[in-house]
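Undergrad: Structure below; questions to follow.
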């Protein structure tokens, strides 16, 4: 059925169907259980999509269509359940779902680039990635380099292809351009005539006010002098278009629009027209985005080829360098030094076999006068440091783009290296016998690991092994090393961009670190049992995360083969589409339920909707007085234990031993797996200290003068602690003193269904101490691989997709943590105390209990 | 390497499938030819012989079931591997009745298909020895 039609029927259904609130308690339980099921199903689908983006799977369009269809069905059902549970409190969520699904469907049909949702102009740092049709190939690459790799790229912004279309439309140029191109195609006019007419009309066009003001607004923020450059759709992508379009340098801000028109017009230069025709591109398919960047006045400049095109099999990269502001190398004029640098995997080898001599760049063709030295003193243009920096940047770029690169660079008077452009370097290498040769070459290397682990991101990378054991190892992590770790803790994310490959003993491809590895395209193998013993620290290894093999040594032949022939799946339209879909599905923006944007309107992704619906469903059950009024005979248990917590328990099915009578519940009668584990930790001897807490004067005064309403994020609570449970689910709200603590957990045999969500806010004493306690919790929780967010004294921690055993050890730990931190903020007198208390807790955990940091299979997640 | 390379034909009307299967199989030393149109692939089979055929089922033009039937009729020794996004028990059963070597549901892992192809290849080698 047509999707619009489907939605229409859905709306009618919503209006016509009687939506009486459930009258029976059993019905309410059923809805809640079903909502949890839908919630799980949706989370599994999201994890699945993420996994597919790692390159290990072959999928097709149909898979994407099917998955989106399934998401739609599950989402609508989830929202319907929520409304059934809450007596239609959240009808507005339907339009949020509609809005999000419409965007996803537009992505699927590739209709977004020119829609109003896309900007006319946008800064490089906010540039939407994976939209080369909107921003052009050059800007897409530069934005990635800035946003992802953190290399220095001059700041700036892009007038998108949508702006280009606006200019044509506003000046009624589309039909005229079409006519001129037709007349050229039919031979009535030649390329020179067609080109001239079109270019003149664009140069004379008015830039419509919305486009002009978008450009001015972004230009106002910075530079006085700009480089205005072409970023045509298709340029620097599969087709090179090198040098066909215009670049205007040193443009003052007031002349930006003139330069803009000049670059737009160059889309129809005679060379560009002819080139596109030869490449089989129709004239009107082309579109021009324009890049405006702050001018960097170069002291020296040049080009790097990450492969020596004259001898591709040699393991060297070539730096062409010239004095002055640059463009000499690119344009092939003037004197240029050529340095060939051994591609070192470690910094030490960089300088090796560097020869300096002068010649014309690869782009130039005329032989040029006497060789080396080029400058008066006979010194090489590039110093050792600059050369190292450039080499490191070049290797990073090649690693990321997975193809040999041609990189334009410049060095400013302060000695900073800037990347002006990076694109695939085309060169020919006889690849015929390479296939067999690669297999043979590989077989000469010692295999350390074979057919083990799961591929989180496919690819091949090599470098020295560096095992990160704790956060203190991180600053020492060398660029281009192979990151080895036991657990895939989220805090490792900081070194992932520097890694040539990632190998972990635990972890799942649905985990948070896997997502990060994909963002930075780092070849990643997870779940490699015994890796920390098999891979010797400091030794160079080659990780083939396509075939799941790790070799001892650098398998140059394989690396070269991948660079020359390996499929860069990341750049294929299907993967781009998948990533664009994922960006509207997977991110969670609604982290804090007490934040003002925690509303149906605030939902920006599918994940947000799921999160919102779940939170609100639970809140509904937490409103016990209301619930008791709504349902007669609702049974609330009172947990009887030595821990004086006054916990009430609402069993939604299977959480309490059916033989229990009366309203008193003994801990051993709890059947709910998560609550059982948590309670085990909470009720350990010594955990629940009832001894009076040592309150110092300042803390005391603060707690005496405080009223409830002053607490930020304070949620009015009904005065007792409550757990809503089922056999494998628990939602626990605790108010201990002024702390509000929530733990939501689901625990099954299938790891993809499991999660723990932890939230903690408030407390006696001033905000400084409360935030100290938040930091203490963060410290402890991140050691257990939770993904942690802190905002003031609010802390939110999540972990997904871990095994039941790992759930068990973590819930038990949380139980103790609740006891431990109960009134801890009063004792946290200074920042040093945070670490002291955290370490003491972690020490006790290790000594006092069988659980260690990290369970058997680490599967932390976003 | 074996003296004679195993020849594989891949047919799927979604280019992404061909584009990704080709390098993954070539790297293992197979000779690979890909098609996105079943009619073109059929024409090509008139003149050429393949050891292994990997085909989608649901396609425009000639559908996969008929394609594999025809291919099998021409060259009974050719091993056919079916890849499909419409995996049902019936289609699987029908494929096997038509002598299909194996049946893989999309999406699948590269390693999965490499493994199935390796099994098919070793079966072919056993037969030729």
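Chains as they are written, first to last, in the working numbering: chain A, 1 to 862; chain B, 1001 to 1129.
C-beta atoms are modelled at their ideal positions from N, C-alpha and C, and glycine is treated no differently.
1) Would you be able to state if there are at least three C-beta pairs under 8 Å between the region 543-558 of chain A and the region 439-454 of chain A?
2) Looking at residue 96/A: is its Cβ nearer than 8 Å to the Cβ of residue 582/A?
3) DSSP beta-bridge partners for residue 741/A?
4) In chain B, which residues lie less than 7 Å from residue 401/A when you measure between Cβ atoms?
5) At a CB-CB cut-off below 7 Å, which residues of chain B make contact with residue 57/A?
6) Going by beta carbon distance, what residues of the same chain come within less than 6 Å of residue 268/A, once the five residues before and after it are set aside?
7) Under the rule that 16 or more other beta-carbon atoms within 10 Å means buried, what is residue 416/A, buried or exposed?
8) Would you grab the beta carbon distance between residue 680/A and residue 815/A for me? Rounded to a whole angstrom, and I think it's under 8 Å.
9) Is there a Cβ of chain B sitting closer than 8 Å to that of residue 53/A, yes or no?
10) By the criterion of Cβ-Cβ separation under 8 Å, what are the contact partners of residue 1021/B in chain A?
11) Would you tell me roughly how many angstroms separate the C-alpha atoms of residue 1018/B and residue 782/A, rounded to the nearest one?
12) Could you list which residues in chain A have their beta carbon closer than 7 Å to that of residue 1046/B, in chain order?
13) Would you please verify whether the beta carbon of residue 556/A is less than 8 Å from any beta carbon of chain B?
14) When you compare the CB positions of residue 66/A and residue 108/A, do they come within less than 8 Å of one another, or not?
15) State the CB to CB distance for the pair residue 33/A and residue 653/A, rounded to an integer number of angstroms; the pair is presumed to be in contact (CB under 8 Å).
16) Per DSSP, what kind of secondary structure is residue 726/A in: helix, strand or coil?
17) Comparing C-alpha positions only, which one of 265/A, 514/A, 510/A sits nearest to residue 502/A?
18) Using the beta-carbon of each residue, which ones in chain B are nearer than 9 Å to residue 551/A?
19) So within the region 479-504 of chain A, which uninterrupted beta strand (DSSP E) runs reach at least 3 residues, ignoring any that extend past its ends?
20) How about residue 1061/B: is its C-beta nearer than 8 Å to some C-beta of chain A?
21) What residues from chain A crowd round residue 1016/B, counting only those whose CB sits closer than 7 Å?
22) Against chain A, which members of the region 1076-1093 of chain B pass a CB distance test of less than 9 Å?
23) Just how far apart, CA to CA, sit residue 725/A and residue 35/A?
24) So, is the C-beta of residue 546/A closer than 8 Å to a C-beta in chain B?
25) Buried or exposed: where does residue 629/A fall if 16 or more other Cβ atoms within 10 Å of its Cβ makes it buried?
26) When you compare the CB of residue 631/A with every CB in chain B, is at least one pair closer than 8 Å?
27) Could you give the first and the last residue of the continuous alpha helix (DSSP H) run that contains residue 153/A?
28) For the region 1025-1038 of chain B, enumerate the residues whose C-beta is nearer than 8 Å to any C-beta of chain A, in chain order.
29) Please report the straight-line C-alpha distance between residue 1006/B and residue 439/A, rounded to a whole angstrom.
30) Output the distance between the C-alpha atoms of residue 464/A and residue 59/A, rounded to the nearest integer angstrom.
31) How would you label residue 172/A, buried or exposed, when you count the other beta carbons within 10 angstroms and need 16 or more for buried?
32) Within the continuous beta strand (DSSP E) that includes residue 645/A, where are the two ends?
33) Report the option in 1089/B, 1061/B, 1116/B, 1048/B whose CA atom is closest to the CA atom of residue 1075/B.
34) By DSSP, does residue 288/A sit in helix, in strand, or in coil?
35) Consult DSSP for residue 1114/B and reduce its assignment to one of helix, strand or coil.
36) Quick check: the region 802-817 of chain A against the region 746-763 of chain A, are at least 3 beta-carbon pairs closer than 8 Å?
TA: Let me lay it out:
1) yes
2) no
3) 734/A, 760/A
4) None at all; the shortest Cβ gap to chain B is about 17 Å.
5) 1107, 1108, 1109
6) 195, 198, 199
7) By the neighbour-count rule (16 or more Cβ atoms within 10 Å), residue 416/A is not buried but exposed.
8) 6 Å
9) no
10) Neighbours of residue 1021/B on chain A, chain order: 58.
11) Between the alpha carbons of residue 1018/B and residue 782/A lies a distance of about 43 Å.
12) None at all; the shortest Cβ gap to chain A is about 27 Å.
13) no
14) Note that the C-beta distance between residue 66/A and residue 108/A is not below 8 Å.
15) 6 Å
16) coil
17) Closest option to residue 502/A, Cα to Cα, is 514/A.
18) Correct list: empty, because the minimum Cβ distance to chain B is about 15 Å.
19) 482-485, 501-504
20) no
21) Neighbours of residue 1016/B across chain A, judged by C-beta separation under 7 Å: 60, 572, 574.
22) 1083, 1085, 1086
23) 14 Å
24) Yes, contact with chain B.
25) Counting C-beta atoms within 10 angstroms of its own C-beta, residue 629/A has fewer than 16 neighbours from the protein chains shown and is therefore classed as exposed.
26) no
27) Where residue 153/A is concerned, there is no enclosing alpha helix (DSSP H), given that its DSSP letter is neither H nor E.
28) 1026, 1027, 1028, 1029
29) 15 Å
30) 33 Å
31) In the assembly as shown, residue 172/A is an exposed residue. Its beta-carbon has fewer than 16 other beta-carbons within 10 Å.
32) Taken as a continuous stretch (DSSP letters only), residue 645/A belongs to no beta strand (DSSP E), as it is neither H nor E.
33) Nearest option by C-alpha distance: 1048/B.
34) In the displayed model, residue 288/A falls within a strand according to three-state DSSP.
35) helix
36) yes
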